[in-house]
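Have a look at the structure below before the remarks.
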Ligand code: NAD
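Residue numbers (this note's numbering): 1 to 264.
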């Protein structure tokens with residue numbers, strides 16, 4: 001059987017280690033024949049990302065910090081030189097000062113609000129603009145969001161506000177790039193134990209709560225997010241753009257705690 005991603009080349013941004021959601025996505029894409037390039041943020045993470053990338057035969061593994069626009073431009077120049085074009089992009093990047101991922105949203109500082117927005121939201125716009133230039137025949141782009149964008153999750157605070165802006169950006173970008181056949185979608189993942197996830201106060205409590213009350217009575221894995229990303233990045237979803245696809249064991253549809261779970 002022909003592989004879904006045979007002949008497609010894409011850039012994976014946001015692997016920190018083998019627990020990263022971006023890594024789950026990369027594995028699913030590579031298993032279907034995709035050629036991958038990876039980025040890493042700084043030398044310390046580079047030491048972890050390089051061997052992972054090599055295990056999937058990645059041709060390019062490059063540094064990129066989205067706060068440094070020079071490194072973003074250098075990245076896309078390197079991709080253009082090596083491949084000439086791009087078929088897909090994965091944006092799995094988020095950051096906020098963990099001192100503000102606890103307590104009240106009202107206490108967010110101006111400095112951290114701006115930094116969180118630039119890294120977790122505006123980077124997506126800057127990356128899409130550059131990626132779309134390398135996709136003259138069309139392509140597919142996916143970002144990662146969380147349900148704290150539309151409903152209040154304790155301690156998620158400014159990240160929830162950034163995810164709301166990211167989701168709105170995703171829709172505007174889908175509209176901007178739709179005419180050239182570039183699709184832009186988001187996956188809203190349920191809580192997963194990752195480096196970024198660990199920065200949120202009482203993350204374990206949120207994890208356990210969703211495990212007990214989601215319709216599937218469990219949380220999701222990076223491989224399950226990978227499967228959904230494979231669909232969105234492949235031609236299987238050729239008619240889909242501007243969508244938020246939930247991979248959260250159905251937690252987003254629940255309005256009340258599950259009575260059976262309250263008894264345990
Ligand atoms: P992770 O820590 O493995 O990945 C976060 C990545 O963001 C890291 O690779 C880090 O290097 C990168 N990053 C942060 N600042 C950066 C910068 N300035 N420049 C370049 N890269 C930068 O954690 P993850 O949970 O896999 O996070 C990936 C995405 O998934 C994030 O957008 C996160 O908000 C989102 N998400 C996570 C969960 C969860 O529960 N873990 C749920 C829904 C959505």
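Glycine included, each C-beta is placed from N, C-alpha and C at the ideal position.
Taking residue i as the reference, give the member of the options with the closest Cα.
| i | options | result |
| --- | --- | --- |
| residue 169 | 204, 205, 208 and 126 | 126 |
| residue 148 | 104, 179 and 190 | 190 |
| residue 11 | 4, 193, 75 and 219 | 75 |
| residue 95 | 104, 248 and 66 | 66 |
| residue 133 | 73, 172, 106 and 30 | 73 |
| residue 267 | 90, 155, 161 and 79 | Absent from the structure is residue 267, since the part of the chain shown begins at 1 and ends at 264. |
| residue 103 | 255, 208, 41 and 157 | 157 |
| residue 30 | 46, 50 and 8 | 8 |
| residue 248 | 228, 261, 233 and 236 | 228 |
| residue 185 | 50, 85, 90 and 153 | 90 |
| residue 39 | 207, 58, 98 and 223 | 58 |
| residue 236 | 21, 175, 23 and 32 | 32 |
| residue 136 | 167, 253, 165 and 87 | 87 |
| residue 246 | 231, 256 and 257 | 231 |
| residue 259 | 217, 221 and 167 | 217 |
| residue 314 | 128, 118 and 253 | Nothing about residue 314 can be reported from this structure: the residues present for the chain run from 1 to 264 only. |
| residue 80 | 37, 46 and 56 | 37 |
| residue 153 | 78, 207 and 55 | 207 |
| residue 165 | 224, 119 and 179 | 119 |
Can we count residue i as close to the ligand NAD, meaning its CB is less than 6 Å from some heavy atom?
| i | result |
| --- | --- |
| residue 210 | no |
| residue 66 | yes |
| residue 69 | no |
| residue 116 | no |
| residue 244 | no |
| residue 200 | no |
| residue 20 | yes |
| residue 197 | yes |
| residue 41 | yes |
| residue 88 | no |
| residue 144 | yes |
| residue 16 | yes |
| residue 119 | yes |
| residue 124 | no |
| residue 76 | no |
| residue 189 | yes |
Just mark residue i as buried or exposed, buried being the case when its beta carbon has 16 or more other beta carbons within 10 Å.
| i | result |
| --- | --- |
| residue 163 | buried |
| residue 35 | buried |
| residue 3 | exposed |
| residue 172 | exposed |
| residue 111 | exposed |
| residue 151 | exposed |
| residue 85 | exposed |
| residue 131 | buried |
| residue 116 | buried |
| residue 20 | buried |
Per DSSP, which residues does residue i bridge with? Please list them.
| i | result |
| --- | --- |
| residue 244 | 186 |
| residue 15 | Residue 15 is not bridged to any residue. |
| residue 141 | 89 and 184 |
| residue 39 | 62 |
| residue 9 | 35 |
Taking Cβ positions, are residue i and residue j nearer each other than 7 Å?
| i | j | result |
| --- | --- | --- |
| residue 60 | residue 82 | yes |
| residue 219 | residue 205 | no |
| residue 93 | residue 14 | yes |
| residue 250 | residue 214 | yes |
| residue 138 | residue 182 | yes |
| residue 101 | residue 155 | yes |
| residue 226 | residue 25 | yes |
| residue 122 | residue 143 | no |
| residue 261 | residue 212 | yes |
| residue 297 | residue 233 | Any property of residue 297 remains undetermined from this structure, which presents the chain solely from 1 to 264. |
| residue 221 | residue 188 | no |
| residue 199 | residue 50 | no |
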